[in-house]
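Taken in order, the sequence shown gives residues 234 to 573; the numbers are from my numbering.
Below is one structure, written out as structure tokens; comments come after it.
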Amino acid sequence: MNPSFFSKKSNCLVKKYLSLKIFNALEHQKTDSGFTLAQAINSGIKNSDSSIGVYAGDAQSYKTFSLLFDPIICEYHEFSKNKKHKPDISRLILPSLDPEEKYIRSTRIRVARNLKGFSFPCHISLSQRRKLEKKIVSALDRLKDDLRGKYYSFESIDEKELKRLKKENLWFQKGDRFQDAAGINSDFPKCRGIFHSFDKRFMVWVNEEDHLRIISLERTSDISSVYNRLSRALPTLNQNLDFSRDKTYGYLTSCPTNIGTSMRAGVHIRLEKLERNKDLLHDLVRTYNLQIRGTGGEKTKIRHAVFDISNRQRLGISESRIIQNLHNGLLAIIKAEQNL
Ligand code: ADP
Ligand code: MG
234 MNPSFFSKKS NCLVKKYLSL KIFNALEHQK TDSGFTLAQA INSGIKNSDS SIGVYAGDAQ
294 SYKTFSLLFD PIICEYHEFS KNKKHKPDIS RLILPSLDPE EKYIRSTRIR VARNLKGFSF
354 PCHISLSQRR KLEKKIVSAL DRLKDDLRGK YYSFESIDEK ELKRLKKENL WFQKGDRFQD
414 AAGINSDFPK CRGIFHSFDK RFMVWVNEED HLRIISLERT SDISSVYNRL SRALPTLNQN
474 LDFSRDKTYG YLTSCPTNIG TSMRAGVHIR LEKLERNKDL LHDLVRTYNL QIRGTGGEKT
534 KIRHAVFDIS NRQRLGISES RIIQNLHNGL LAIIKAEQNL
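Shown next as structure tokens:
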């Protein structure tokens, strides 16, 4: 293998930063669990339209392959290693964004977590994945009050429940070709499942791209309520689960774009006029350091003018700052839509 294995068309960050010198230094390195450079960059090699192209197989990957991961992380998050990543998940009260619910269909905030002592999903064995699922489910069983709910294993779920979860969009699918090339889909659907609270406002995806994707979701524009539910759930889960965390890089995740807070806070928002004024929308998104995804998630199309608008940066910024920036950005976007 050689860096020239990347397609000529590719503009991914791994291609940009994997110089021959770094390749030679890392080619034969392995983490303690046996994760290699070839595994880390396979997704970027196989998919010429990757934007990052590299995944971590375990927490140690961030150290073993730091010559490659560090510059990618610094560019994506506009971070430098002498900056401090300071978490702050304290409660917030923000004014309503869209009181008449004319634009915002739903608000969703998720964080990713991986457990210490286990490889990440691209590099985990079936028996370890099984052990992990059991551990997570027993922690979920201890949630209280409105967070109480049920775990649905993808292996044993019945047809009727499966249909319902799909219809209510509580389900997650097998990973896309980017995740597939990274190894995330191995043994799918074994040891995968979702937990949702009885009120369906709190969910946990088990063994998707990370060990846990912890999600708070409401069909409203009440960002504070969605955020405060998550900030209540996290310490409770942390009492029973030991999350993988680094002093500089915060929570460690499969994809380096998610490290730090690992938080993606966003809304599904219908913007009929801005859809026809894409330059203005993209200017606003850039100004407030946000990102746009398709209605069905990452790398999907916008349907019926419903955009997924969320924070772009997750490292070097606190959780509560992410929410405040998103709130400011969405106010500006809604105002622009109203003025058109
Ligand atoms: P992530 O990786 O951050 O969890 P994805 O882009 O992979 O997000 O999308 C995951 C799923 O979450 C998709 O089905 C997407 O439609 C759904 N989703 C994302 N944002 C929202 C939102 N604000 N409201 C409802 N569903 C959402
Ligand atoms: Mg995703």
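Glycine is no exception: its CB is placed at the ideal position from the N, C-alpha and C atoms.
When you measure from the CB of residue i to every non-hydrogen atom of the ligand MG, does any distance come out below 7 Å?
i, result
"Gly530", "yes"
"Glu442", "yes"
How about residue i: is its Cβ closer than 7 Å to a heavy atom in the ligand ADP?
i, result
"Asn402", "yes"
"Thr340", "yes"
"Gly493", "no"
"Leu450", "yes"
"Gly499", "yes"
"Arg526", "yes"
"Arg397", "no"
"Arg343", "yes"
"Arg446", "yes"
Whole-angstrom Cβ separation of residue i and residue j, contact assumed at under 8 Å?
i, j, result
"Ser430", "Gly382", "4 Å"
"Ser487", "Lys349", "The Cβ separation is near 15 Å, so there is no contact."
"Ala538", "Glu508", "4 Å"
"Phe312", "Leu548", "5 Å"
"Ile274", "Pro489", "12 Å between Cβ atoms; not a contact."
"Lys649", "Gly277", "Shown here, the chain extends from 234 to 573; a query on residue 649 therefore has no answer."
"Asp541", "Gly527", "7 Å"
"Asp291", "His356", "6 Å"
"Arg410", "Asn280", "6 Å"
"Tyr442", "Pro304", "A quick correction: the sequence has Glu, not Tyr, at residue 442. In fact, because the Cβ distance is near 22 Å, the residues do not count as touching under 8 Å."
"Gly408", "Ile417", "5 Å"
"Leu380", "Phe435", "5 Å"
"Pro535", "Leu327", "Note that residue 535 is Ile in the sequence shown, not Pro. Contact doesn't hold; Cβ gap of about 26 Å is too wide."
Hey, quick one: how far does the alpha helix (DSSP H) through residue i stretch, first residue to last?
i, result
"Ser458", "Ile456 to Asn473"
"Ser294", "Ser294 to Thr297"
"Gln262", "From DSSP, Gln262 is part of no alpha helix (DSSP H); its letter is neither H nor E."
"Leu270", "Leu270 to Lys279"
"Asn561", "Glu552 to Asn572"
"Lys368", "Leu359 to Leu373"
"Tyr250", "Leu246 to Tyr250"
"Val287", "Run containing Val287: none; DSSP gives neither H nor E here."
"Thr520", "Lys511 to Thr520"
"Phe421", "Careful: Phe421 lies outside any alpha helix (DSSP H) and carries neither H nor E."
"Asp378", "First-last for Asp378: undefined, no H or E at that position."
"Asp331", "It is not in any alpha helix (DSSP H) - Asp331 carries neither H nor E in the DSSP assignment."
"Lys196", "As displayed, the chain neither begins before 234 nor continues past 573, which places residue 196 out of reach and without an answer."
"Glu394", "Glu392 to Lys400"
"Asp413", "Arg410 to Ala415"
How would you write the range of the beta strand (DSSP E) that residue i sits in, first residue to last?
i, result
"Thr340", "Ile337 to Arg346"
"Leu523", "Leu523 to Arg526"
"Asp541", "Val539 to Asn544"
"Thr502", "Looking at the sequence provided, one finds Ile at residue 502 rather than Thr. Per DSSP, Ile502 belongs to the beta strand (DSSP E) from Met496 to Arg503."
"Phe428", "Gly426 to Ser430"
"Phe435", "Phe435 to Val439"
"Lys383", "Gly382 to Ser386"
"Ile448", "Leu445 to Glu451"
May I ask you to check if the CB of residue i is nearer than 7 Å to at least one heavy atom of the ligand PLP?
i, result
"Asp541", "In the structure shown, the ligand PLP is absent; the only ligands present are the ligand ADP and the ligand MG."
Comparing the C-beta of residue i with each C-beta of chain D, is any distance below 8 Å?
i, result
"Ser458", "Considering every chain present, this structure includes no chain D. It has just one protein chain."
Segment contact flag, the region 481-500 with the region 367-387, C-beta cutoff 8 Å, min 3 pairs: no
Inter-stretch contact (C-beta, 8 Å, three-pair minimum) for the region 317-328 and the region 479-499: yes
Three-pair Cβ contact test at 8 Å for the region 510-528 versus the region 287-297: no
Meets three-Cβ-pair contact criterion under 8 Å: the region 338-347 and the region 428-448: yes
The region 386-399 touching the region 415-431, judged by at least three CB pairs closer than 8 Å: yes
Cβ contact check for the region 256-265 and the region 399-408: 3 or more pairs under 8 Å: no
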